[in-house]
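Below is one structure; the comments refer to it alone.
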Amino acid sequence: MRNPPASLLNSVDHALQVAILLQQEGPLRLVDIAHRISIAPSTAHRLLTSLVYREFATQGADRLYRPGPMLRPVEAPDPGAQRLWRVARPRMRRLMELVNETVTLLVPVGTDARFISTVECARTLRVADRTGFVMPLHDTAGGRAILAEKTAEELTDLYRDEDVDGRRLYRDLSRVRAKGFAINDQRTEKGLTALGVAVRSPQGPACGAMALAMPTTRFRADPVQEWVALLKAAAALVEEELATEA
6 MRNPPASLLN SVDHALQVAI LLQQEGPLRL VDIAHRISIA PSTAHRLLTS LVYREFATQG
66 ADRLYRPGPM LRPVEAPDPG AQRLWRVARP RMRRLMELVN ETVTLLVPVG TDARFISTVE
126 CARTLRVADR TGFVMPLHDT AGGRAILAEK TAEELTDLYR DEDVDGRRLY RDLSRVRAKG
186 FAINDQRTEK GLTALGVAVR SPQGPACGAM ALAMPTTRFR ADPVQEWVAL LKAAAALVEE
246 ELATEA
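Taking our numbering as reference, the numbering of the sequence shown is continuous, increasing by one, and the terminal residue is 251.
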């Protein structure tokens, strides 16, 4: 039997207990979660709000809480993700300074996109940190930029066991290839629009993607080509440095 450490933070411990409970027994009502962990419903609500934000939990239309994407088993990311993070960070920061919008970096993990870095802009209204979030590749701007690099055979193999409309996905990716970038217009979150481009590894295939993310209220068609050019320039610098280290 393990005794709790003297330095145990109750708030952290309670949040972990909620996550474990959802993973093992969900879906659950808020009052049931509060009762099981012996905390006040108001405390449970605050914990669940944080867990939903960080995608450790989700809440459906039925008001029940379920385990979120972060509690779903995923394949391990490519070992090169750490190197990509290190090389991309200064380029992301410079891009943020040029455009004054949030910049994100993601890597593909199976059919998911895992966000491994975020550089937030300083505006009051901005896209907040997405680091650690896991979303379907085909929903994110960067993820679709990565998928657009794949052949039809690779896509068929990747989505063989997934509930995805293959024809619609192929049509969408054809447009991404033609334009050279992808747009996420409120696919993953209402009020958020993002532009994404792939970052290629020295071996050729895309190892990640970089995206500009902004409130939809600030998105305009006129500067898109300028934004995409800056995105591609940043991605090219990352690719160049990755190649020199290979």
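Ideal Cβ placement from N, Cα and C applies to all residues, glycine included.
State the Cα-Cα distance for the pair residue i and residue j, rounded to the nearest angstrom.
i: Ala45; j: Ala66; result: 23 Å
i: Ala153; j: Val114; result: 16 Å
i: Leu103; j: Lys195; result: 25 Å
i: Asp166; j: Ala146; result: 22 Å
i: Ala239; j: Glu231; result: 12 Å
i: Ala226; j: Ala157; result: 30 Å
i: Asn15; j: His50; result: 15 Å
i: Gln64; j: Leu142; result: 21 Å
i: Pro95; j: Leu217; result: 15 Å
i: Met101; j: Phe224; result: 15 Å
i: Asp162; j: Gly148; result: 16 Å
Quick one: what's got a C-beta closer than 6 Å to residue i's C-beta in the same chain, skipping five residues either side?
i: Ala241; result: none
i: Gly31; result: Arg71 and Pro72
i: Gln22; result: Ile42
So, residue i versus residue j, is the Cβ gap smaller than 8 Å?
i: Val132; j: Thr116; result: no
i: Ala20; j: Leu52; result: yes
i: Met75; j: Gly137; result: yes
i: Val229; j: Met215; result: no
i: Ala211; j: Val181; result: no
i: Thr54; j: Met140; result: no
i: Asn189; j: Asp134; result: no
i: Arg2; j: Leu69; result: In the structure displayed, the chain extends from 6 to 251; residue 2 sits before or after that span and is not available.
Quick one: what's got a C-beta closer than 7 Å to residue i's C-beta in the same chain, skipping five residues either side?
i: Gly213; result: Leu89, Leu110, Leu111, Val112 and Val204
i: Lys237; result: Val202
i: Thr36; result: The question names Thr, but residue 36 is Val in the sequence shown. If we look at Val36 and ignore the five residues flanking it on each side, its Cβ neighbours are Pro46.
i: Gln191; result: Leu197, Thr198 and Thr221
i: Glu246; result: Val92
Taking the continuous alpha helix (DSSP H) assigned at residue i, which residues delimit it?
i: Arg128; result: Where Arg128 is concerned, there is no enclosing alpha helix (DSSP H), given that its DSSP letter is neither H nor E.
i: Asn15; result: Asn15 to Glu30
i: Ala240; result: Val229 to Glu250
i: Leu142; result: No alpha helix (DSSP H) contains Leu142, which DSSP labels as neither H nor E.
i: Thr116; result: From DSSP, Thr116 is part of no alpha helix (DSSP H); its letter is neither H nor E.
i: Leu103; result: Ala86 to Val104
i: Gly201; result: Premise fails: Gly201 lies in the beta strand (DSSP E), Leu197 to Arg205, not in any alpha helix (DSSP H).
Over what stretch of residues does the beta strand (DSSP E) that includes residue i continue unbroken?
i: Pro210; result: Counting along the chain, Pro210 falls outside any beta strand (DSSP E), and DSSP gives it neither H nor E.
i: Gln64; result: Ala62 to Gln64
Comparing the C-beta of residue i with each C-beta of chain E, is any distance below 8 Å?
i: Tyr58; result: Absent from the structure is chain E; it holds one protein chain and no more.
Grab me the residues of residue i's own chain with a C-beta within less than 8 Å of its C-beta, minus the 5 sequence neighbours each way, in chain order.
i: Met219; result: Glu106, Thr107, Arg131, Val132, Leu197, Thr198 and Ala199
i: Ala24; result: Leu56, Phe61, Ala62, Pro72 and Leu76
i: Leu160; result: Leu152, Gly171, Leu174, Tyr175 and Leu178
i: Ala234; result: none
i: Thr48; result: His19 and Ala39
For this session: Determine, using beta-carbon pairs with one atom in the stretch 175-185 and one in the stretch 205-215, whether at least three such pairs fall under 8 Å.
Result: no
For this session: Could you say if the stretch 111-131 and the stretch 84-93 meet the contact criterion of at least three C-beta pairs nearer than 8 Å?
Result: yes
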